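Asks:
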Amino acid sequence: MDVLDIARWQFGIITVYHFLFVPLTIGLTAVIAGLETAWVRTRDPEYLRLTKFFGKLFLINFAIGVVTGIVQEFQFGMNWSDYSRFVGDVFGAPLAVEGLLAFFLESTFLGLWIFGWDKLPRGLHAACMWLVHLGTLASSWFILAANSWMQHPVGYRYNPESGRAELTDFWAVMVNKVQLVTFPHVILAAYMTAGAFLMGVAAYLYMKRGHEHDRPLYHRAIRIGAVVTLLAGLGVAATGDLQGKVMTEVQPMKMAAAEGLYETSERCAPFSVFTVGTPDGRHEKFAVTVPCLLSFLGTGSVDGEVEGINPLREQYVEQYGQDPTSTTATQGDYTPVIPVTYWSFRFMMGLGFFGAGGAALILWLTRKGRTPGVRWLGTLGLSLPIAVTLASSWGWIFTEMGRQPWVVFGLMTTEHAVSPGVSVFEAATSLIVLTLLYAGLAVVEVGLLVKYVKAGAEPFVEPPDVPLGGAADDRPLTFAY
Numbered sequence: 001m002d003v004l005d006i007a008r009w010q011f012g013i014i015t016v017y018h019f020l021f022v023p024l025t026i027g028l029t030a031v032i033a034g035l036e037t038a039w040v041r042t043r044d045p046e047y048l049r050l051t052k053f054f055g056k057l058f059l060i061n062f063a064i065g066v067v068t069g070i071v072q073e074f075q076f077g078m079n080w081s082d083y084s085r086f087v088g089d090v091f092g093a094p095l096a097v098e099g100l101l102a103f104f105l106e107s108t109f110l111g112l113w114i115f116g117w118d119k120l121p122r123g124l125h126a127a128c129m130w131l132v133h134l135g136t137l138a139s140s141w142f143i144l145a146a147n148s149w150m151q152h153p154v155g156y157r158y159n160p161e162s163g164r165a166e167l168t169d170f171w172a173v174m175v176n177k178v179q180l181v182t183f184p185h186v187i188l189a190a191y192m193t194a195g196a197f198l199m200g201v202a203a204y205l206y207m208k209r210g211h212e213h214d215r216p217l218y219h220r221a222i223r224i225g226a227v228v229t230l231l232a233g234l235g236v237a238a239t240g241d242l243q244g245k246v247m248t249e250v251q252p253m254k255m256a257a258a259e260g261l262y263e264t265s266e267r268c269a270p271f272s273v274f275t276v277g278t279p280d281g282r283h284e285k286f287a288v289t290v291p292c293l294l295s296f297l298g299t300g301s302v303d304g305e306v307e308g309i310n311p312l313r314e315q316y317v318e319q320y321g322q323d324p325t326s327t328t329a330t331q332g333d334y335t336p337v338i339p340v341t342y343w344s345f346r347f348m349m350g351l352g353f354f355g356a357g358g359a360a361l362i363l364w365l366t367r368k369g370r371t372p373g374v375r376w377l378g379t380l381g382l383s384l385p386i387a388v389t390l391a392s393s394w395g396w397i398f399t400e401m402g403r404q405p406w407v408v409f410g411l412m413t414t415e416h417a418v419s420p421g422v423s424v425f426e427a428a429t430s431l432i433v434l435t436l437l438y439a440g441l442a443v444v445e446v447g448l449l450v451k452y453v454k455a456g457a458e459p460f461v462e463p464p465d466v467p468l469g470g471a472a473d474d475r476p477l478t479f480a481y
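Residue 436 in the working numbering is what sits at position 436 of the sequence shown, and the numbering runs on without skipping anything.
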């Protein structure tokens, strides 16, 4: 393996690992804020118990997520310095705003939420978590804007003297057409993940011995989680459809690779249910398809044209030319790895549909106070958060791998983005060290989550009703957990 291969493996491992925490963090802030708001309005003790219980699990996930996210930025300077130099002027503004505004908004109000249970009025305390959620949305917007620019570069000019892309229109980057469909898709997937997590944890506790007295509490949590998962899942499907149409327009090769479509279909392009291609990824050998569905998904019309892999490959070679510095077997081959792109797209969709369908089934089986078999409910409930989390991970793998060999589509290939001064030994050492470190963090994360999930929700203890003017005494802020 050369430096490029090692750097790509390291970035892939760290990115996918980090993204396991991101959707749950975003989604849980909204779920917890909703639960606490329900308690403030109804004074129902069950809502407060669920708020504090899932708030504790959220804090564990948030802490590990922050630690793993910091390494993401260091990677750009470590292994991808040429990429950083090329995009730095464009990415500097949105990522600076994300760090200085959005993340500080999250951390400030999260601190107030943690320490302010006996210092803030109840409504104001609940508002703190809504502001934390607003901060996560803002962070997501700026980060996704940067990623969307990699998929569809806009609002820049290329400076041949410096060899860099320079920002000319900040708002064009912020409202990139890819960004406008990617942001709601990712956020709704985060809500879906949080709903499935709520449902899965509650289903586990519902079936666990020693928690029989709290079954009504967990039954309610199961249904809340199922509603969130189902509604968010419907939103994910709708925004995914919009995203597919934009992708067909700006990244036709990614759509063609996702469907194993080797030749252009001028009308009525079929959707591939299952395709087997040649080992070199150049030809289709066998396929099971649904007629005209791909044209509709990609263009909104059953008569829409969808370009194929082979014509696009020829077009890109003619447009961008051969790559004389390429170390790949086929110089100038602008095709992603077809099996990875094809199957990651299907794993994303299949697991997502399973999550939404499972939530709908649980809602039906638990309607009007009904309760299905404990073991059956626990098995299905525990499988849903795993499926939805994996669906999000496969979605990001598809998004990034489907863009290959481009790191910035049409402007810079991935092999030109790697740091030129890093040796194989240095790259391999950082890969091994970071992978082991992340494995250790995974043990810590899972261990803490299992410990506090098994303990279940704590008994109801009503926090003091602090007046708007503040507490009567001057006690210091205390940690709520």
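We put the CB at the ideal spot given by N, CA and C, even for glycine.
Here the structure is a predicted model, which means the values were calculated and not measured.
Can you say whether Pro-459 is buried or exposed, counting buried as having 16 or more other CB atoms within 10 angstroms of its CB?
Replies: By the neighbour-count rule (16 or more Cβ atoms within 10 Å), Pro-459 is not buried but exposed.
Asks: Report yes or no: do the stretch 155-168 and the stretch 350-370 share at least 3 C-beta pairs separated by less than 8 Å?
Replies: Cβ pair count under 8 Å is below three, so no.
Asks: Taking contact to mean 3 or more Cβ pairs, one atom from each stretch, closer than 8 Å, check whether the stretch 249-268 and the stretch 183-199 are in contact.
Replies: Touching, no.
Asks: Give me the Cα-Cα distance between Leu-35 and Ala-189, rounded to the nearest whole angstrom.
Replies: So the alpha carbons of these two residues sit roughly 19 Å apart.
Asks: Count the other CB atoms, across all protein chains shown, that sit within 10 Å of the CB of His-213; report buried if there are 16 or more and exposed otherwise.
Replies: By the neighbour-count rule (16 or more Cβ atoms within 10 Å), His-213 is not buried but exposed.
Asks: Using the Cα positions of Leu-28 and Lys-177, report the straight-line distance between them to the nearest angstrom.
Replies: About 27 Å.
Asks: Look at the Cβ atom of Phe-109, then the Cβ atom of Leu-144, and state whether they are nearer than 8 Å.
Replies: Not in contact: Phe-109 and Leu-144 (Cβ atoms no closer than 8 Å).
Asks: Would you list, in sequence order, the uninterrupted alpha helix (DSSP H) runs of no fewer than 4 residues that lie entirely inside the stretch 52-132?
Replies: The qualifying runs are 81-97 and 103-115.
Asks: Could you check what DSSP says for Met-412 in three-state terms: helix, strand or coil?
Replies: Note: Met-412 maps to strand in three-state DSSP.
Asks: Give me the Cα-Cα distance between Trp-396 and Val-16, rounded to the nearest whole angstrom.
Replies: Distance between the alpha carbons of Trp-396 and Val-16 is about 8 Å.
Asks: Exposed or buried, Met-129, counting other C-beta atoms within 10 Å across all chains shown (16 or more means buried)?
Replies: By the 10 Å Cβ count, Met-129 comes out buried.
Asks: In chain order, what residues of the same chain lie with their CB nearer than 7 Å to the CB of Arg-220, ignoring the 5 residues before and after it?
Replies: The residues are Glu-46.
Asks: Please classify Arg-41: is it buried, with 16 or more other beta-carbons within 10 angstroms of its beta-carbon, or exposed?
Replies: Exposed is the call here.
Asks: Roughly how far, in whole angstroms, is the beta-carbon of Phe-103 from the beta-carbon of Gly-135, given that I think they are within contact range, below 8 Å?
Replies: Phe-103 to Gly-135, Cβ: 7 Å. Contact.
Asks: Per DSSP, Ala-165 is paired with what?
Replies: Ala-165 pairs with Tyr-158.
Asks: Ends of the alpha helix (DSSP H) at Pro-252?
Replies: Run containing Pro-252: 252-259, per the alpha helix (DSSP H) assignment.
Asks: According to DSSP, is Glu-462 part of a helix, a strand, or is it coil?
Replies: The answer is coil: DSSP assigns Glu-462 none of H, G, I, E or B.
Asks: Suppose you measure from the CA of Gly-155 to the CA of Trp-364; what does that come to, to the nearest Å?
Replies: The straight-line gap from Cα to Cα measures roughly 49 Å.
Asks: Between the C-alpha atoms of Ile-432 and Phe-74, what's the straight-line distance to the nearest angstrom?
Replies: Roughly 16 Å separates the two Cα atoms.
Asks: From which residue to which residue does the alpha helix (DSSP H) around Asp-303 run?
Replies: Premise fails: Asp-303 is in no alpha helix (DSSP H) and is neither H nor E.
Asks: Between the Cα of Tyr-342 and the Cα atoms of Pro-385, Arg-403 and Thr-366, which residue gives the shortest distance?
Replies: It is Arg-403 whose Cα lies nearest to the Cα of Tyr-342.
Asks: Say whether the stretch 44-64 touches the stretch 387-401, bearing in mind that this needs 3 or more beta-carbon pairs closer than 8 Å, one atom from each stretch.
Replies: Counting Cβ pairs under 8 Å, fewer than three are found: no touch.
Asks: Quick check on Phe-345: does DSSP put it in helix, strand or coil?
Replies: Three-state DSSP puts Phe-345 in a helix.
Asks: Tell me where the alpha helix (DSSP H) around Asn-176 begins and ends.
Replies: Where Asn-176 is concerned, there is no enclosing alpha helix (DSSP H), given that its DSSP letter is neither H nor E.
Asks: Please look up how many angstroms separate the CB atoms of Phe-183 and Trp-141, rounded, as I've assumed it's under 8 Å.
Replies: Contact flag correct, Cβ pair sits at about 6 Å.
Asks: Can you list, in chain order, the residues of its chain with a C-beta nearer than 8 Å to that of Ala-33? Leave out the 5 residues immediately preceding and following it.
Replies: These residues qualify, in order along the chain: Ala-126, Met-129, Trp-130, Val-132 and His-133.
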